[in-house]
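Visitor:
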Amino acid sequence: MTLSADLPFLMHSLYLIAIVAEAMTAALAAGRRSMDWVGVCLLGCVTALGGGSARDVLLGHHPLSWVEHPSYLLITGGAALATIVMARFVHHLRKLFLLLDAIGLVVFTVIGCNVALALDLPIMIVIASGMVTGCVGGVLRDVLCADIPLLFRSELYATVSVVAGGIYVVGLAIGLDHDVVMLAAMGIGLMLRLLALRFDWSMPKFVYDRDLH
Amino acid sequence: MTLSADLPFLMHSLYLIAIVAEAMTAALAAGRRSMDWVGVCLLGCVTALGGGSARDVLLGHHPLSWVEHPSYLLITGGAALATIVMARFVHHLRKLFLLLDAIGLVVFTVIGCNVALALDLPIMIVIASGMVTGCVGGVLRDVLCADIPLLFRSELYATVSVVAGGIYVVGLAIGLDHDVVMLAAMGIGLMLRLLALRFDWSMPKFVYDRDLH
Amino acid sequence: MTLSADLPFLMHSLYLIAIVAEAMTAALAAGRRSMDWVGVCLLGCVTALGGGSARDVLLGHHPLSWVEHPSYLLITGGAALATIVMARFVHHLRKLFLLLDAIGLVVFTVIGCNVALALDLPIMIVIASGMVTGCVGGVLRDVLCADIPLLFRSELYATVSVVAGGIYVVGLAIGLDHDVVMLAAMGIGLMLRLLALRFDWSMPKFVYDRDLH
């Protein structure tokens with residue numbers, strides 16, 4: 001009962017923490033390319049809000065979250081700018097950031113699943129919606145830095161999102177309590193991601209060195 | 001009569017062949033960048049379904065095809081993963097792939113034109129819709145590989161799409177039989193593409209080496 | 001009275017000048033990467049019309065301008081192709097281009113603000129809509145050229161857009177005459193951009209050289 005009542009508040013708090021963490025890691029990526037302050041600010045917004053925006057554009061789900069809540073632009077842009085000042089301390093907080101980023105991944109995933117569930121979409125699209133929400137922000141960050149997206153090259157990132165989304169969707173489908181399923185999905189996803197970081201787990205790579213054209 | 005009845009089935013079969021072929025060539029591109037299995041799978045989906053998705057997002061045409069038919073995600077992701085196993089044989093099939101890719105281009109083009117026609121859009125937008133459907137998947141693949149899109153640099157690819165779309169639209173506009181026009185548009189487009197590959201036809205390049213800024 | 005009556009005509013003329021200027025500078029960027037004629041043409045269209053398209057897709061505002069006015073595709077594609085012929089003279093016109101590009105930036109910004117105002121969106125989104133309209137075309141150009149967007153690295157470009165949009169929105173909010181506010185926003189934005197070019201003004205850069213991951 002208490003859990004259920006506090007859950008929307010908990011999720012909203014976690015969402016705010018997640019977009020702040022995403023904006024700050026994006027700001028560090030911008031700093032590694034010597035972008036100017038405007039670039040830092042924009043890259044922060046795009047990275048933090050890009051996953052949810054991509055989901056909403058693909059599903060035709062308007063208005064986008066930052067259009068409805070413009071304060072998200074201030075929060076993420078502000079967090080990115082604050083990172084400039086804090087940069088010399090930030091690297092001591094490396095582990096905290098990786099934790100917050102992992103929390104962001106599972107929170108974004110569950111939120112993305114919920115948006116698709118509310119639109120009555122098929123299970124596979126619900127999971128895809130969670131993955132787009134969790135992962136596309138980082139892809140946009142890497143594309144705007146003219147890099148091959150990290151997502152395609154390393155770590156269990158998209159996999160964590162699919163696992164968390166899968167647990168959530170299947171749990172609901174077999175009629176388990178919503179709050180329990182959600183916390184389990186996020187908890188297991190988070191654990192998997194932290195284990196992957198700790199033990200350098202990664203997907204096998206596909207190496208192919210002939211030209212098709 | 002028989003032709004007309006079988007045409008939707010033929011088109012659907014060609015569409016499935018086309019998305020499989022696109023996913024597999026994308027998987028090889030992923031392999032050349034040593035992406036991991038998740039990256040291979042995602043790049044396959046994005047390349048095969050990205051052209052149609054871009055068209056639908058630009059035209060405000062929802063739901064997107066893979067949202068309505070989630071099996072397309074399984075088919076394209078599965079084809080990309082299967083390519084990893086088959087890679088050592090695939091390069092013997094180089095010519096088959098180029099043929100399937102060319103079929104995909106004209107099939108995507110005609111499907112894209114049809115979507116715009118059903119929305120009663122002007123002729124130029126119908127042709128543009130065909131070209132976006134046929135070409136944007138490959139552009140997304142190249143951007144995600146941090147390359148300048150091949151489309152902008154070589155071969156009669158976009159041109160084939162515009163020619164096929166133009167024949168289709170003009171043929172319908174002057175009242176010719178739909179099925180005949182469609183097969184003619186695809187046939188001529190396909191022939192043009194194969195001739196371009198065979199004889200290394202390409203558009204002239206624009207070389208400019210001064211800085212504007 | 002006269003001003004008010006002529007203003008839509010003036011804005012439409014400036015818009016056409018702006019998309020032509022954007023398409024031509026994109027064509028030169030294409031030439032520096034030795035793209036072929038099709039690539040030049042496509043990059044011209046995407047750069048000139050991409051900002052407005054991104055805005056409309058994000059705001060769910062259909063149909064997109066070029067879908068409603070297909071002639072914009074011909075104008076921008078044609079301007080890009082014409083640049084190939086004129087390239088040897090164009091570099092003498094360097095200053096004219098920078099002026100036209102600056103005019104384009106403020107015109108796009110005001111048009112983007114107007115679209116969001118017509119949708120009754122909050123002030124921050126109105127300014128963001130102006131900035132997306134003014135800046136995203138150049139970002140797409142740079143991404144398709146596999147570069148880190150110039151926008152993120154140099155010059156007061158996004159800043160000019162935010163300043164012009166801010167003046168416009170605040171001026172209207174405090175009840176000043178629409179036409180006066182619009183001309184003031186565009187005039188001040190234009191002056192700021194030209195001063196930035198003349199005196200090499202730029203935002204401070206954020207340089208960070210540690211790895212987070």
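If you're matching them up, the sequences are chains A, B and C in order.
Taken in order, the first sequence gives residues 1 to 213; the numbers are from full-length UniProt numbering.
Taken in order, the second sequence gives residues 1 to 213; the numbers are from full-length UniProt numbering.
Taken in order, the third sequence gives residues 1 to 213; the numbers are from full-length UniProt numbering.
Glycine included, each C-beta is placed from N, C-alpha and C at the ideal position.
With burial defined as no fewer than 16 other Cβ atoms inside 10 Å of the residue's Cβ, what is the status of methionine 1(B): buried or exposed?
Guide: Here the model assigns methionine 1(B) a pLDDT of 40, short of 50, so the residue's position is not dependable, and the following value carries that caveat. So methionine 1(B) ends up on the exposed side.
Visitor: Can you name the residues that DSSP bridges to lysine 205(A)?
Guide: The partner list for lysine 205(A) (beta bridge, DSSP) reads Asp36(B).
Visitor: Using only alpha-carbon positions, find the residue among Asn114(C), Val139(C) and Cys135(C) that is nearest to methionine 11(C).
Guide: Selected option, being the one with the closest Cα: Asn114(C).
Visitor: Hey, would you say phenylalanine 152(A) sits closer than 8 Å to leucine 144(B), going by beta carbons?
Guide: For phenylalanine 152(A) and leucine 144(B), yes; Cβs fall inside 8 Å.
Visitor: Please go through the same chain and pick out, in chain order, the residues whose beta-carbon is closer than 6 Å to the beta-carbon of valine 106(A), but skip the five residues on each side of it.
Guide: For valine 106(A), where only same-chain residues beyond five positions count, the Cβ hits under 6 Å are Ala164, Met186, Gly189 and Leu190.
Visitor: Just confirm the distance between the C-beta atoms of leucine 98(C) and threonine 76(C), as a whole number of angstroms; I'd bet it's less than 8 Å.
Guide: About 19 Å separates the two Cβ atoms, so there is no contact after all.
Visitor: Ordered along the chain, which non-local residues of its own chain (more than five positions away) have a Cβ less than 6 Å from that of valine 20(B)?
Guide: The answer, listed in chain order, is Ala79.
Visitor: Taking Cβ positions only, does leucine 192(B) come closer than 8 Å to chain C?
Guide: For leucine 192(B), the answer is no, since every Cβ of chain C falls outside 8 Å of its Cβ.
Visitor: State the CB to CB distance for the pair leucine 192(B) and leucine 156(B), rounded to an integer number of angstroms; the pair is presumed to be in contact (CB under 8 Å).
Guide: Indeed they touch by this definition, with Cβ atoms about 6 Å apart.
Visitor: Using a Cβ-Cβ cutoff of less than 6 Å, which residues in the same chain neighbour methionine 203(C) once the five nearest sequence positions on both sides are dropped?
Guide: Excluding positions up to five away in sequence, the list is empty.
Visitor: Let me see if you follow: with CB-CB separation under 8 Å, is alanine 128(A) close to chain C or not?
Guide: Not an interface residue.
Visitor: Does any CB atom of chain A fall closer than 8 Å to the CB of residue 218(B)?
Guide: Since the first and last residues shown for chain B are 1 and 213, residue 218(B) lies out of range.
Visitor: If contact is defined by three or more beta carbon pairs under 8 Å, each pair taking one atom from either stretch, is the segment 60-73 of chain A in contact with the segment 108-128 of chain C?
Guide: Judged by Cβ distances under 8 Å, the segment 108-128 of chain C makes contact with the segment 60-73 of chain A, as three or more pairs qualify.
Visitor: Run the CB neighbour count on isoleucine 174(C), radius 10 Å, all protein chains shown included, and call it buried at 16 or more, exposed below.
Guide: Exposed, because fewer than 16 other Cβ atoms sit within 10 Å of the Cβ of isoleucine 174(C).
Visitor: Using a C-beta cutoff of 8 Å, does valine 115(A) count as contacting chain C?
Guide: So, not an interface residue.
Visitor: Which runs of the beta strand (DSSP E) spanning at least 3 residues fall entirely within the segment 87-154 of chain B, listed in chain order?
Guide: Segments of the beta strand (DSSP E) lying fully in the segment 87-154 of chain B: there are none.
Visitor: What are the start and end residues of the alpha helix (DSSP H) that includes leucine 190(A)?
Guide: Taken as a continuous stretch (DSSP letters only), the alpha helix (DSSP H) holding leucine 190(A) covers 178-198.
Visitor: Out of Arg88(A), Ala116(A) and Ile84(A), state which residue places its alpha-carbon closest to the alpha-carbon of valine 38(A).
Guide: It is Ile84(A).
Visitor: Could you spell out where the alpha helix (DSSP H) holding tyrosine 168(A) opens and where it closes?
Guide: Where tyrosine 168(A) is concerned, the enclosing alpha helix (DSSP H) stretches over 158-173.
Visitor: On the CB-based measure, 16 or more other CB atoms within 10 Å of its CB, does phenylalanine 108(B) come out buried or exposed?
Guide: Buried: at least 16 other Cβ atoms inside 10 Å.
Visitor: According to DSSP, simplified to helix, strand and coil, what is arginine 210(C)?
Guide: Correct three-state label for arginine 210(C): coil.
Visitor: Determine the contact status of glycine 112(C) and valine 132(C), defining contact as a CB-CB distance below 8 Å.
Guide: The answer is yes: Cβ separation under 8 Å.
Visitor: Assuming leucine 7(C) and valine 90(C) make a contact with CB atoms under 8 Å, what is their CB distance in whole Å?
Guide: Actually they are not in contact, since the Cβ atoms of leucine 7(C) and valine 90(C) sit about 31 Å apart, beyond 8 Å.
Visitor: Rounded to a whole number of angstroms, what is the C-alpha to C-alpha distance between isoleucine 148(A) and leucine 43(B)?
Guide: Each residue's Cα considered, the two are about 11 Å apart.
Visitor: Residues of the segment 99-123 of chain A with a CB closer than 8 Å to any CB of chain C: list them in chain order, please.
Guide: Listed by position, the residues of the segment 99-123 of chain A near chain C (Cβ gap below 8 Å) amount to none.
Visitor: Beta-carbon within less than 7 Å of threonine 47(C)'s beta-carbon, same chain only, minus the 5 sequence neighbours each way: which residues are those?
Guide: Once the five neighbours on either side are set aside, the close Cβ partners of threonine 47(C) are Glu22, Ala23, Ala26, Gly137, Gly138, Leu140 and Arg141.
Visitor: Of the residues Arg32(B), Leu59(B), Arg198(B) and Asp200(B), which one's Cα is nearest the Cα of alanine 87(B)?
Guide: Of the candidates Arg32(B), Leu59(B), Arg198(B) and Asp200(B), the one whose C-alpha sits nearest the C-alpha of alanine 87(B) is Arg32(B).
Visitor: Going by the beta-carbon positions, is the gap between alanine 102(B) and alanine 146(C) smaller than 8 Å?
Guide: Against a cut-off of 8 Å, the Cβ pair of alanine 146(C) and alanine 102(B) comes out as no contact.
Visitor: Taking the C-alpha atoms as reference points, what is the distance between leucine 172(B) and alanine 184(B)?
Guide: Looking at the two C-alpha atoms, the distance is approximately 11 Å.
Visitor: Whose CA, out of Phe199(C), Leu117(C), Val110(C) and Arg55(C), lies closest to the CA of serine 161(C)?
Guide: It is Val110(C) whose Cα lies nearest to the Cα of serine 161(C).
Visitor: For chain A, find out if any of its Cβ atoms is closer than 8 Å to the Cβ of aspartate 36(B); answer yes or no.
Guide: So, interface residue.
Visitor: Taking the Cβ atom as the reference point for each residue, do leucine 58(A) and alanine 116(A) lie within a distance shorter than 8 Å?
Guide: The answer is no: Cβ separation not under 8 Å.
Visitor: So methionine 124(A) packs on leucine 16(B), CB below 8 Å; how close in whole Å?
Guide: No, methionine 124(A) and leucine 16(B) are not in contact; Cβ-Cβ is about 17 Å, not under 8 Å.
Visitor: If you measure between the beta carbons of leucine 119(A) and histidine 61(A), is that distance less than 8 Å?
Guide: Yes, these two residues count as a Cβ contact at 8 Å.
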